[in-house]
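Trainee: These protein sequence lines are chains V, H, X and W, in that order.
Under full-length UniProt numbering, read the first sequence as residues 1 to 211, first letter to last.
Under full-length UniProt numbering, read the second sequence as residues 1 to 662, first letter to last.
Under full-length UniProt numbering, read the third sequence as residues 1 to 111, first letter to last.
Under full-length UniProt numbering, read the fourth sequence as residues 1 to 330, first letter to last.
Sharing a structure, written as structure tokens. Questions coming.
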Amino acid sequence: MAHAIDPHAGAHGHPAHDHHHGHDHHDQEEMKTFGFWLFLITDVILFGTLFATFVVLRLNTAGGPTGGELIELPGIIASTFILLTSSFTSGIALLEMNRGNKKGLIVWLIITALLGASFIYLEVTEFIHLVHEGATIGTSAYWSAFFTLVGTHGLHVSVGLVWMTALIIQLSRRGITPVTKRKVNIISLYWHFLDVVWIFVFTIVYLMGVM
Amino acid sequence: MWHKIKDFSSEFFVTGDPLILGAQVSIAITLVAIVFTLTYFKKWRWLWTEWLTTVDHKRIGIMYIIASILMLFRGGVDALLMRVQLAAPQLEFLHADHYNAIFTTHGVIMILFMAMPLMFGLFNIVVPLQIGARDVAFPFLNSLSFWMFFFGAMLFNVSFIIGGSPDAGWLAYPPLSELSGSPGVGQDFYIWGIQISGIGSLATGINFVVTILKMRAPGMKLMQMPMFSWSVLSSCVTIMFAFPILTVTLFLLFLDRYLGAHFFTLDGGGNPMMYINLIWMWGHPEVYIVILPAFGIFSEIVATFSKKKLFGYKSMVFALMSISFFSFFTWAHHFFTMGSGANVNAFFAITTMLIAIPTGVKVFNWLFTMYRGKLSFPTPMLWTIAFIPCFVVGGMTGVLLSVAPADFQFHNSYFLIAHFHQVLIGGVVFGYFAGLYYWWPKMFGFRLHEGLGKWAFWFWNIGFYVCFMPQYALGLMGMTRRFNEYDFDMGWQPLNVVSTVGAFLMGLAFIFQVWQIAHSIKFLKKETSGDAWDGRTLEWSIPSPAPMYNFARTPVVTSQDDWWEKKQRRLRGEAELPEVAAAEKAPLEPIHMPRNSGIPFIMSTCWFVAGFGFVWDWKWMIVLGLAGVIISMLARSFSYNTDYYIPVDEIERTEAAARGAH
Amino acid sequence: MANHNAHSGHGGHEGGHGSLKSYVIGFILSIVLTIIPLVAVMNDMFSKQVTTVLILVMAILQFAVQLLFFMHIRDEKKPRFNLIALIFGLVIMLTIVAGSIWIMTYNAVAS
Amino acid sequence: MRSKFRMLATGLFLAMVFLISGCSSEQYIVLDPKGPIGESQKDLILISTLLCAVIIVPVLILTAIIVWRYRDRPGRKAAYKPEWEHNTKLEVTWWSIPIVIIIILGAVTVYYTYKLEPSKAIASDKEPITIQVTSMDWKWLFKYPGEDIATVNYVKFPEDTPIRFQLTSDTAMNSFWIPQLGGQLYSMSGMAMTLYLQADEQGSYYGSGANFNGEDFAQMTFTADAVSQEEYDAWVEEVKADAPALTMDGYKELQKPGRSDVQLFSSFPEGLFEQIVTQYVEEGSSGAHSHHGGGAEASTDEEAASDEHASHGAEETEAANASHEGHAGH
Ligand code: HEA
Ligand code: HEA
Ligand SMILES: [Cu+2]
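As structure tokens, this is what we get:
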């Protein structure tokens with residue numbers, strides 16, 4: 001990513017260049033991005049385990065309501081498209097950043113965050129609705145798995161929102177530097193990842209639930 | 001008022017048992033003594049700036065090792081108590097509930113708070129030095145990992161005097177570990193203690209994968225990396241994929257207990273068997289996580305003390321990687337007797353046996369490294385040689401267990417106990433001891449007393465066989481694990497007595513080790529060459545203990561066993577290779593270093609507070625702790641002044657001092 | 001030199017790629033891939049089995065779209081540690097899910 | 001110093017041998033089976049041990065030889081080749097020997113896994129006797145649906161007759177193990193597992209709960225008596241005549257956590273086992289879910305059960321599995 005600004009980019013790793021400040025940072029930031037990628041893969045496993053639990057317990061409703069009975073698809077469809085769009089807008093933010101447009105970057109990040117916030121709003125509304133219908137985490141194994149899986153995804157999105165806000169503040173203070181650039185790259189990776197997870201939540205929990 | 005306090009404290013503190021009272025008193029005395037010493041010698045500031053906030057991988061490594069030795073002591077005392085209880089039929093030494101708590105804490109502490117941190121300690125000390133790096137990839141995260149482990153372990157250990165220990169077995173099968181089976185707070189301490197330290201382990205896993213893949217010295221190809229670093233890579237890859245499963249599993253159990261969810265409960269459609277399925281998906285890879293680095297250590301030591309190149313480097317690498325891959329496909333061998341049908345059992349029996357193949361290849365490669373070598377036997381090598389027969393036999397009994405229909409007879413018996421102690425002690429403990437003895441001079445700059453080390457070695461070995469061989473026999477006599485007492489007429493007593501004697505021999509061995517360390521510190525025998533064993537890899541090319549920045553100039557690597565080759569060239573009087581010579585003659589440059597930070601310590605303390613709050617369900621404390629965690633994270637995100645440069649003249653001074661010590 | 005090889009990081013930001021065009025294509029594809037299963041499920045177009053397979057396939061395609069067009073997994077330089085790690089992760093993840101389902105079918109509780 | 005160690009080691013070793021031989025061979029009950037299942041398992045243990053020993057013993061010997069021969073000492077004759085680090089032939093050899101052994105061992109294991117699948121009936125001309133086993137806190141409850149008697153911490157059955165144990169648990173899981181008859185199987189709440197065992201000889205066998213389930217876990221041992229058919233019939237008569245009945249209240253009493261002595265009952269509430277299996281099913285379970293319970297109930301009678309399941313179609317496989325564990329494995 002620092003290629004654009006680092007004239008020595010071709011020579012990383014060569015001892016003679018170790019002192020070069022920009023270069024040093026370049027490697028460091030790249031390493032952090034790689035580390036974050038690995039973290040995302042551990043998150044894949046984490047969600048995989050939650051999915052496995054959900055699938056295994058999906059029939060154990062203990063006489064209580066089933067998912068198909070209570071899920072209201074329209075809201076879910078809306079949140080799905082919202083999240084898809086926010087994945088797209090976070091990509092646009094990245095493009096703006098690569099063009100060196102700080103303002104565009106911040107604006108698109110704000111749009112992404114707002115979309116994310118409305119996703120969370122819809123999810124909270126849905127949960128409240130479900131609780132009113134008598135489905136809580138303690139209702140049955142099915143609902144335990146449901147709330148945990150969907151809720152863990154929601155928690156991830158919420159963390160992403162806090163983080164994005166912090167990042168927007170940092171960007172407005174410091175502008176586009178190798179460090180903030182890496183941070184934006186990372187958060188957009190995270191955001192795309194959450195979108196992917198949601199697609200599977202949408203398919204396996206909701207679509208299959210109402211089938 | 002007074003009454004209230006009394007009621008509260010009788011629930012809060014564990015009371016009524018003289019053993020525990022004694023422990024409480026001695027813990028209190030120790031704490032007071034520590035506080036007093038630190039204050040008296042005005043060491044608080046030193047403690048904070050030099051240790052608690054350090055991000056130096058070598059210091060973090062040392063802290064890991066100290067913590068793990070303390071945990072070995074506690075786990076060992078637990079073991080000795082159990083062995084005393086089992087020495088005679090129907091002994092009234094420990095009550096059932098007390099015994100149950102002891103084997104639970106023994107298992108958890110030994111594996112999660114002894115083996116894991118000892119392993120991480122060695123990772124930290126050795127890996128950056130071995131691959132020619134200045135630190136790990138993420139020094140801040142590394143410090144965070146350590147403190148998460150430390151406070152997780154403390155949270156778990158606190159249950160001993162506050163609230164009561166968990167007593168549902170080291171893997172806490174529900175429904176016994178649910179509120180219905182364990183209404184007390186012990187199980188919550190278990191969940192949060194392991195959860196918090198587990199997150200630290202996960203971070204360490206990622207950290208070292210990145211370190212190894214991205215921070216190798218220029219020229220060091222993956223296929224030239226020292227075998228220990230390879231084993232760390234395989235172990236950390238396994239951590240990355242296994243630990244998230246543990247996180248989820250414990251989290252689900254927590255939801256059951258705390259929010260009344262129904263994942264593993266008896267009622268509400270919960271299925272306890274799902275927990276067993278999930279926990280072993282982590283639990284099985286976990287045992288390979290701890291054994292793989294031991295394999296790496298043995299590989300280093302065997303080559304060093306045979307004065308010979310490691311045999312079959314490529315197949316060693318391949319074996320390591322395939323073990324960590326296959327470890328994810330065998331978990332069901334821990335519950336062959338769950339009645340999942342012949343298809344499941346047959347599949348998992350086969351996958352389990354497959355692991356014997358790469359493991360066997362490693363054994364042969366070690367043997368053929370020694371073959372045509374020139375063997376010498378200082379303590380690290382002794383442990384290595386003792387390891388081979390012990391682990392081979394333990395592995396073989398593992399293969400016997402993997403024969404599914406036969407496991408119906410072995411399962412949960414002392415045969416199993418003997419198997420896993422043989423691989424855990426003969427493999428993991430021997431391996432880490434070997435590593436500890438081997439790298440001790442590098443860590444501290446002085447040598448350990450060899451004579452006392454040999455006494456310890458023999459006592460450990462003899463004690464081990466005396467303790468655990470009879471347990472195979474006991475298993476075949478039908479003695480099941482987790483029995484706190486047995487009847488006279490089973491005829492189990494004689495062998496149990498033998499086993500107890502063996503356990504105490506190991507206890508003696510441990511005392512020898514403590515003595516050895518104390519003795520060596522007192523009669524400090526400085527190790528000044530930096531190359532205590534005529535080693536082969538990069539860590540031996542720098543002074544002991546390594547300076548803070550490790551390498552004054554980034555080394556350039558041209559071959560496997562690079563340091564050895566370089567020494568050979570020198571011996572032969574050859575000129576240095578041009579690229580190496582160029583790098584060595586290059587002028588010193590300021591070194592980029594990470595700054596110390598108090599955030600990891602503070603953030604982990606906050607996790608401890610939150611965990612403690614969850615255990616007792618004190619909402620204010622939970623909120624306080626979690627808020628602290630979030631603030632720490634944001635504080636980190638907003639701090640940009642996280643590194644600095646060591647100026648050239650300071651490097652020159654340090655190097656001169658190190659050389660001067662020659 | 002190792003660091004030359006090791007230098008690979010995640011793509012997605014190395015100049016040329018990550019164009020607006022690729023984001024737009026990705027976005028459109030992901031919308032389409034969401035609508036197809038929705039329509040299939042809402043209108044009960046196929047048998048249960050067919051629908052299940054269909055929507056799972058769509059989800060996987062959608063995943064591929066995000067990976068290729070948004071996360072730029074293609075642009076990684078060699079050695080492709082990101083891709084290797086991802087594949088390994090997915091294999092383990094599938095093992096967890098499929099293995100659990102397989103084992104637990106024989107241990108379902110009466111409920 | 002070294003010689004002292006040797007003396008110590010030899011002494012301890014001798015003491016161990018003495019103590020082990022002091023125990024008679026009958027004490028190794030796993031290796032002294034009295035029924036077809038245990039017999040096969042013993043064969044399997046011996047076969048697998050031999051197969052492993054074929055490679056392990058040479059490895060141990062080789063280790064000793066190499067360590068001895070290549071130790072560094074003045075004037076040794078053994079070769080020293082510090083650069084010798086690769087030999088394709090050798091490496092291929094030790095990849096292939098373990099592979100061959102594992103292939104053989106794997107084949108044997110698979111064969112026995114299907115042969116000894118616990119829910120597979122034992123071939124016999126006698127009708128199997130069903131005994132319903134419930135692990136409780138902390139005692140074993142045995143019910144004989146055919147004879148309508150029940151026992152606690154004691155079980156008796158005729159020799160030479162296949163026994164169909166049906167296992168479940170009242171609370172935490174346990175594992176039902178009579179080493180001399182055959183391997184163990186978990187008893188788990190909410191499901192009924194089938195384990196076939198048979199005693200070929202009369203005798204009194206040790207049985208235990210092998211899976212930890214809480215405080216008084218160690219008290220969950222019991223005796224399994226295999227007797228002649230006549231003796232068994234007489235015993236059933238006697239229990240029916242003399243022992244008290246197990247009522248629902250009596251069962252509630254048993255459910256209270258605690259240890260128990262041997263108890264005998266002349267009858268037990270009808271459908272008690274099914275109730276235990278389905279006790280955690282919530283009231284008002286509807287639709288498919290109540291059939292799960294039905295499945296367990298019917299499983300006391302294999303034929304009826306499969307009929308019932310057949311009639312419920314595909315979605316019922318789940319229930320069928322809950323009560324007919326492992327069948328899908330055939
Ligand atoms: C470091 C830890 C460690 C290691 C390395 C191993 C290694 C192995 N283990 Fe072990 N195991 C445990 C720790 C470990 N185990 C623990 C802690 C438990 C119990 C947990 C609990 O229930 O609380 C357990 C339980 C356990 C079980 C469950 C038994 C039961 O609960 O009933 C099984 C069953 O298959 C098993 C098998 C194996 C096998 C096949 C290996 C193999 O990897 C061994 C491979 C090595 C060799 C075979 C030796 C060298 C090879 C050769 C010289 C080549 C040729 C050999 C042959 C062809 C045979 N182990
Ligand atoms: C790395 C892991 C590890 C290690 C090193 C050990 C080490 C030992 N273990 Fe451990 N063990 C486990 C892991 C480990 N164990 C696990 C996972 C379980 C299963 C738990 C469960 O079922 O849930 C288990 C269970 C277990 C049991 C079975 C309990 C039961 O099922 O009822 C026994 C019984 O003999 C035992 C014995 C020992 C002994 C004698 C040692 C010895 O090596 C210890 C050596 C002793 C010392 C190092 C202590 C030194 C102390 C002193 C010198 C001080 C002396 C002071 C006083 C006497 C006050 N262990
Ligand atoms: Cu295992």
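From the three backbone atoms N, C-alpha and C, an ideal C-beta is built for every residue, glycine too.
Any beta carbon from chain X within less than 8 Å of V/Thr-152's own beta carbon?
Mentor: Closer than 8 Å: no.
Trainee: Let's test the definition: count the other Cβ atoms within 10 Å of the Cβ of W/Asn-87 and tell me whether it reaches 16, buried, or not, exposed.
Mentor: The residue in question, W/Asn-87, is exposed, as its Cβ has fewer than 16 Cβ neighbours within 10 Å.
Trainee: Give the C-beta separation of H/Met-240 and V/Thr-203 to the nearest angstrom, bearing in mind that I take them to be a contact with Cβ-Cβ under 8 Å.
Mentor: Their Cβ separation, rounded to whole angstroms, is 26 Å, which puts H/Met-240 and V/Thr-203 out of contact at 8 Å.
Trainee: Can you give me, in chain order, the residues of the region 185-210 of chain W that have a beta carbon less than 8 Å from any beta carbon in chain X?
Mentor: Result list: Met-188, Ser-189, Gly-190, Met-191.
Trainee: If I measure Cβ to Cβ from V/Glu-133 and keep anything under 6 Å in the same chain, skipping five residues before and after, which residues do I get?
Mentor: Answer for V/Glu-133: Leu-70, listed in chain order.
Trainee: Can X/Ile-60 and X/Ala-40 be called in contact, C-beta distance under 8 Å?
Mentor: Not a contact, by the Cβ cut-off of 8 Å.
Trainee: Taking the alpha helix (DSSP H) that X/Ser-47 falls in, what are its first and last residues?
Mentor: Run containing X/Ser-47: none; DSSP gives neither H nor E here.
Trainee: Does DSSP put V/Ile-176 in a helix, a strand or coil?
Mentor: Three-state result, V/Ile-176: coil.
Trainee: Assuming contact is defined by CB atoms lying nearer than 8 Å, are H/Pro-139 and H/Val-55 in contact in what I supplied?
Mentor: In contact: H/Pro-139 and H/Val-55 (Cβ atoms closer than 8 Å).
Trainee: Does the beta-carbon distance from W/Tyr-196 to W/Lys-115 come in below 8 Å?
Mentor: Going by C-beta atoms, W/Tyr-196 is not nearer than 8 Å to W/Lys-115.
Trainee: Could you have a look at H/Trp-607 and say whether DSSP puts it in helix, strand or coil?
Mentor: Correct three-state label for H/Trp-607: helix.
Trainee: Rank H/Ala-503, H/Gly-445, H/Ala-456, H/Ala-473 by C-alpha distance to the C-alpha of H/Val-466 and give the top, closest one.
Mentor: Cα-wise, what sits closest to H/Val-466 is H/Ala-503.
Trainee: What would DSSP say about H/Asp-407, mapped onto helix, strand or coil?
Mentor: Helix at H/Asp-407.
Trainee: Start and end of the alpha helix (DSSP H) containing W/Pro-36?
Mentor: 36-69 is the extent of the alpha helix (DSSP H) around W/Pro-36.
Trainee: Quick one: grab the DSSP three-state call for W/Tyr-280.
Mentor: W/Tyr-280 falls in the coil class under three-state DSSP.
Trainee: Would you give the residue range spanned by the alpha helix (DSSP H) that H/Asn-207 belongs to?
Mentor: Taken as a continuous stretch (DSSP letters only), the alpha helix (DSSP H) holding H/Asn-207 covers 186-214.
Trainee: Quick one: is W/Val-110 near chain X, going by C-beta distance under 8 Å?
Mentor: It does not: the Cβ of W/Val-110 has no partner Cβ on chain X nearer than 8 Å.
Trainee: Along the region 410-435 of chain H, what residues have a CB closer than 9 Å to any CB found in chain W?
Mentor: Residues passing the 9 Å Cβ filter: Phe-410, His-411, Asn-412, Ser-413, Phe-415.
Trainee: Could you check if H/Arg-372 is buried or exposed, using at least 16 other CB atoms within 10 Å of its CB as the buried criterion?
Mentor: Looking at its Cβ environment, which holds 16 or more other Cβ atoms inside 10 Å, H/Arg-372 is buried.
Trainee: Do the CB positions of residue 371 of chain W and W/Ala-172 come within less than 8 Å of each other?
Mentor: Look at the range of chain W in this structure, 1 to 330, and you will see that residue 371 of chain W is not part of it.
Trainee: Is it buried or exposed, X/Pro-79, if we count other Cβ atoms within 10 angstroms and call 16 or more buried?
Mentor: Flag for X/Pro-79 reads exposed.
Trainee: Could you work out which residues of chain V lie near X/Lys-48, taking near to mean beta carbons separated by less than 7 Å?
Mentor: Going along chain V in sequence order, the residues near X/Lys-48 (Cβ under 7 Å) are Met-211.
Trainee: Looking at the structure shown, is V/His-21 part of a helix, part of a strand, or coil, going by DSSP?
Mentor: Residue placement at V/His-21 cannot be trusted, given a pLDDT of 44 that sits under 50; what the coordinates show is reported in the next sentence. It is helical.
Trainee: Quick one, are the C-beta atoms of H/Gly-164 and H/Val-185 less than 8 Å apart?
Mentor: Against a cut-off of 8 Å, the Cβ pair of H/Val-185 and H/Gly-164 comes out as a contact.
Trainee: Is H/Asp-649 close to chain X? Criterion is C-beta to C-beta, closer than 8 Å.
Mentor: Chain X contact via Cβ: absent.
Trainee: Please indicate yes or no: does the CB of H/Ala-168 lie closer than 7 Å to some heavy atom of ligand 1?
Mentor: For ligand 1, not one heavy atom lies less than 7 Å from the Cβ of H/Ala-168.
Trainee: Under a CB-based cut-off of 8 Å, is V/Met-31 close to chain H?
Mentor: Yes, V/Met-31 lies at the interface with chain H (some Cβ there is under 8 Å from its Cβ).
Trainee: Just checking H/Val-287 against ligand 3 - is the residue's beta carbon closer than 7 Å to any of the ligand's heavy atoms?
Mentor: H/Val-287: yes, Cβ under 7 Å from ligand 3.
Trainee: Applying the 10 Å Cβ sphere with the 16-neighbour rule, what's the burial state of X/Asn-43?
Mentor: Its Cβ having fewer than 16 others within 10 Å, X/Asn-43 is exposed.
Trainee: Counting pairs of beta carbons, one from the region 374-382 of chain H and one from the region 33-41 of chain W, are three or more of them closer than 8 Å?
Mentor: With the cut-off at 8 Å, the region 374-382 of chain H and the region 33-41 of chain W do not touch.
Trainee: Can you give, in chain order, each stretch of the beta strand (DSSP E) that sits fully within the region 209-251 of chain W and has at least 3 residues?
Mentor: Listed in chain order, they are 221-227.
Trainee: Just to make sure I have the definition right: I need the residues of chain H whose C-beta is within less than 7 Å of the C-beta of residue 212 of chain V. Which are they?
Mentor: The first residue shown for chain V is 1 and the last is 211, placing residue 212 of chain V beyond what the model contains.
Trainee: Residues of chain H with CB under 9 Å from V/Val-179, in chain order?
Mentor: Correct list: Tyr-640.
Trainee: Which stretch, first to last residue, makes up the alpha helix (DSSP H) that contains W/Thr-161?
Mentor: That residue, W/Thr-161, is in no alpha helix (DSSP H); it is neither H nor E in DSSP.
Trainee: Using a Cβ-Cβ distance under 8 Å, would H/Val-317 count as near chain W?
Mentor: For H/Val-317, the answer is no, since every Cβ of chain W falls outside 8 Å of its Cβ.
Trainee: Here's the rule I'm using: 16 or more other beta-carbon atoms within 10 Å means buried, otherwise exposed. How should H/Ala-356 be labelled?
Mentor: It counts as buried.
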